[in-house]
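Position in the sequence shown counted from 1, then plus 99, gives you our numbering. For reference, the structure is listed below as structure tokens.
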Amino acid sequence: MGFKVAIAGATGNVGREMLNILEERGFPADEVVPLASRRSVGTEVSYGDRSLKVRALENYDFSDTDICLMSAGGSVSKEWSPKIGRQGCVVIDNSSAWRYDADVPLIVPEVNPDAITQFSKKNIIANPNCSTAQLVVALKPLHDAATVKRVVVATYQSVSGAGKEAMDELFTQTRAVFVADPVEAKKFTKRIAFNVIPHIDVFMEDGSTKEEWKMVAETKKMLDPKIKLTATCVRVPVFIGHSEAVNIEFEKPISADEAREILREAPGCLVIDKRENGGYVTPVESAGDDATFISRIREDPTVENGLSIWVVSDNLRKGAALNAVQIAELLVERNLIQPKKQAA
Ligand SMILES: NC(=O)c1ccc[n+]([C@@H]2O[C@H](COP(=O)([O-])OP(=O)(O)OC[C@H]3O[C@@H](n4cnc5c(N)ncnc54)[C@H](OP(=O)(O)O)[C@@H]3O)[C@@H](O)[C@H]2O)c1
Numbered sequence: 100m101g102f103k104v105a106i107a108g109a110t111g112n113v114g115r116e117m118l119n120i121l122e123e124r125g126f127p128a129d130e131v132v133p134l135a136s137r138r139s140v141g142t143e144v145s146y147g148d149r150s151l152k153v154r155a156l157e158n159y160d161f162s163d164t165d166i167c168l169m170s171a172g173g174s175v176s177k178e179w180s181p182k183i184g185r186q187g188c189v190v191i192d193n194s195s196a197w198r199y200d201a202d203v204p205l206i207v208p209e210v211n212p213d214a215i216t217q218f219s220k221k222n223i224i225a226n227p228n229c230s231t232a233q234l235v236v237a238l239k240p241l242h243d244a245a246t247v248k249r250v251v252v253a254t255y256q257s258v259s260g261a262g263k264e265a266m267d268e269l270f271t272q273t274r275a276v277f278v279a280d281p282v283e284a285k286k287f288t289k290r291i292a293f294n295v296i297p298h299i300d301v302f303m304e305d306g307s308t309k310e311e312w313k314m315v316a317e318t319k320k321m322l323d324p325k326i327k328l329t330a331t332c333v334r335v336p337v338f339i340g341h342s343e344a345v346n347i348e349f350e351k352p353i354s355a356d357e358a359r360e361i362l363r364e365a366p367g368c369l370v371i372d373k374r375e376n377g378g379y380v381t382p383v384e385s386a387g388d389d390a391t392f393i394s395r396i397r398e399d400p401t402v403e404n405g406l407s408i409w410v411v412s413d414n415l416r417k418g419a420a421l422n423a424v425q426i427a428e429l430l431v432e433r434n435l436i437q438p439k440k441q442a443a
């Protein structure tokens, strides 16, 4: 007997990827129910070779559903996740609504799987921000080997991280530039086509942005509160795949060769690091892949025990949908959840 899984936000970028990944990985689901806003009721989404009709989240009864993969934004999650959790359905949420709640585990299975046992307090588990997920997958094995002290990261984040309307905006603006039409910015604060924007999410009082703050808070929550981290998050005109230039200072010495060997063995990591033309990964190559790719591993001689690396991953997969499905798999592997139908 398998699980009944609902996907809230099934018509979105992340939701569609969740459907693909559940099917690809053979998640033990007997029934998959796609949910979205009222606007999408009756539209169809693909699940393997089947088409499923979308239903409205607001009318759905979760009492016989086991798991809800939620990717419908922060305000929808704030309203719905506690109600769904109280109906005995475990919510795995992709928004930032619950990530910093002490009663909600924030999980990357390669990094802190044991924290998952805390989920039953609210029946909610949080998925990290896309840029944090790929960063901690790369940092964890290096932290275990040489203890990360300080991280300086600059991100190059694709437009799909801002939803399907943002992808349309890059496409429309690019075409407008080519045909000399006026370029209109709606979703982004400035033109994104042939440009980069050093601003993701709202500004904080100290001059950083919320996206940058998230990377600090989430790395501390999942990996180690002692790690000092500073980030500059930048939106770039790439459709899928976030890249990060990461400079790391360690407590203990670690050479580039040692780091390369450690990362080669680390779960979720794939090292592509040839010191030659094209011997590194770019976001276009990461799209559709599950790995966190690590390239350009080199020592930083300007600090004691320093390394610089280049980290690339498909933000819709490891940064969102894949990580959420891996969390669901972890619940099943550890027998933390049983199908309600079987229990009845
Ligand atoms: N994209 C990424 O890289 C990424 C990474 C990590 C986390 N996330 C988070 O994942 C969530 C979804 O992101 P996305 O990129 O998939 O956004 P998206 O493409 O804009 O999709 C949003 C989804 O939410 C649904 N929705 C909106 N309002 C709703 C409502 N009132 N009730 C029910 N469903 C509603 C939409 O349904 P309709 O089609 O009916 O409007 C759609 O299915 C966000 O919280 C985002 O922050 C995204």
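Cβ coordinates follow ideal geometry from the N, Cα and C atoms, glycine included.
Residue nearest to T231 within the set M321, V295, P204, S170 is M321 (criterion: CA-CA distance). Residue pairing of C188 in beta bridges, as defined by DSSP: absent, with no partner found. Distances taken from the Cβ of L415 to the heavy atoms of ligand 1 include one shorter than 8 Å. Per the coordinates, the alpha-carbon of V153 lies some 14 Å from the alpha-carbon of S170.
Put simply, the backbone Cα of V113 is about 36 Å away from that of E398.
The beta-carbon distance between D192 and A225, rounded to whole angstroms, is 5 Å. This is short enough to meet the 8 Å contact definition.
The nearest non-hydrogen atom of ligand 1 is less than 8 Å from the C-beta of T110. The C-alpha of L168 lies about 13 Å from the C-alpha of P181. Each residue's CA atom was taken as its position, placing C229 and G141 some 30 Å apart. Residue state for P181 is assigned as helix, using DSSP reduced to three classes. Within 8 Å of the C-beta of R249 there is not a single heavy atom belonging to ligand 1. With contacts defined as CB atoms closer than 9 Å, E357 and T331 fail to qualify as a contacting pair. Counting only residues of its own chain and dropping the five nearest sequence neighbours on each side, E130 has a CB closer than 6 Å to the CB of K103. Distance from the CA of L369 to the CA of R359, rounded to the nearest whole angstrom, comes to 10 Å. At least one heavy atom of ligand 1 lies less than 8 Å from the C-beta of E157.
Under the Cβ criterion (8 Å, minimum of three pairs), the segment 241 to 250 counts as touching the segment 344 to 351. When C-alpha distances from D389 are compared across A105, A107, R124, the shortest belongs to R124.
Within the chosen limit of 8 Å, ligand 1 does not reach the beta carbon of G387 with any heavy atom. When rounded, the separation of the alpha-carbon atoms in D372 and L362 is 11 Å.
Following the DSSP letters along the chain, one finds M100 in no alpha helix (DSSP H), marked with neither H nor E.
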